[in-house]
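Each remark here refers to the structure printed beneath this line.
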């Protein structure tokens, strides 16, 4: 009960920050086709990630290490796709591309948490993969780092998800309402990322993780 109360005291403020940060994020005006295409790809990737990420969080706080690890490997390619899409816009905006400058930056709170969220995501998946492949071979601190990365990631991700709860679905279904060149390529990239993730899961199934063996989990 104490843990639940502490979690609510932390999560609720983060969600409220997300509501405030996303208050002006609507469908918005039409931008350059390249900018719009990038935004739609980001929206596709975001919606595809939503349920697997929720499952990953759920299995991480309950006994279910194998499921947690396999879902994590499934998520790696789609996460990389979304990071690549967002990173591309970031680079184009801050290198002065007039199309991306014209579309404008995200709200200030979302800009402030953007880079930390990327770093926490990389740390979370990186430490998780290290533990699965090597266990405690390089020290038990990797588990501490993984847990710390999760807490920081979850807080910033809560703000991010709540802020974009309307915008992301709008972008994901935009091609059904207003066709834009590259729709097939965008869908193909998302589907391909899921297929690669599924291939990683299959490849990891026969692997006897030293972390599972050392921790006695199943």
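Numbering (the numbering used here), first residue to last: 1 to 218.
Don't be surprised by glycine CBs; every beta carbon is placed ideally from N, CA and C.
Every value quoted in this text rests on a predicted model; they were computed, and no experiment measured them.
> So what's residue 193 in DSSP terms, helix, strand or just coil?
Replying inline: helix
> Can you tell me whether residue 189 is buried or exposed, with buried defined as 16 or more other CB within 10 angstroms of its CB?
Replying inline: buried
> So what's residue 170 in DSSP terms, helix, strand or just coil?
Replying inline: helix
> When you compare each of 11, 31, 109, 192 to residue 102 by their alpha carbons, which one comes out closest?
Replying inline: 31
>> According to DSSP, is residue 89 part of a helix, a strand, or is it coil?
In response: helix
> Considering residue 36, what are the terminal residues of the alpha helix (DSSP H) in which it resides?
Replying inline: 33–60
> Is residue 16 helix, strand or coil when you go by DSSP?
Replying inline: helix
> Straight-line CA distance for residue 118 to residue 90?
Replying inline: 12 Å
> Is the region 96–115 close to the region 134–154, with three or more CB pairs under 8 Å?
Replying inline: no
> Considering only the beta carbon of each residue, do residue 75 and residue 56 sit closer than 9 Å?
Replying inline: yes
> With a CB to CB cut of under 8 Å and the five nearest residues on each side skipped, what residues in its chain are close to residue 52?
Replying inline: 71, 74, 75, 78
> CB residue 152 to CB residue 106, shorter than 9 Å?
Replying inline: no
> Candidates 15, 36, 210: which alpha carbon is nearest residue 181's?
Replying inline: 36
>> Would residue 43 and residue 170 be called neighbours here (beta carbons separated by less than 9 Å)?
In response: yes
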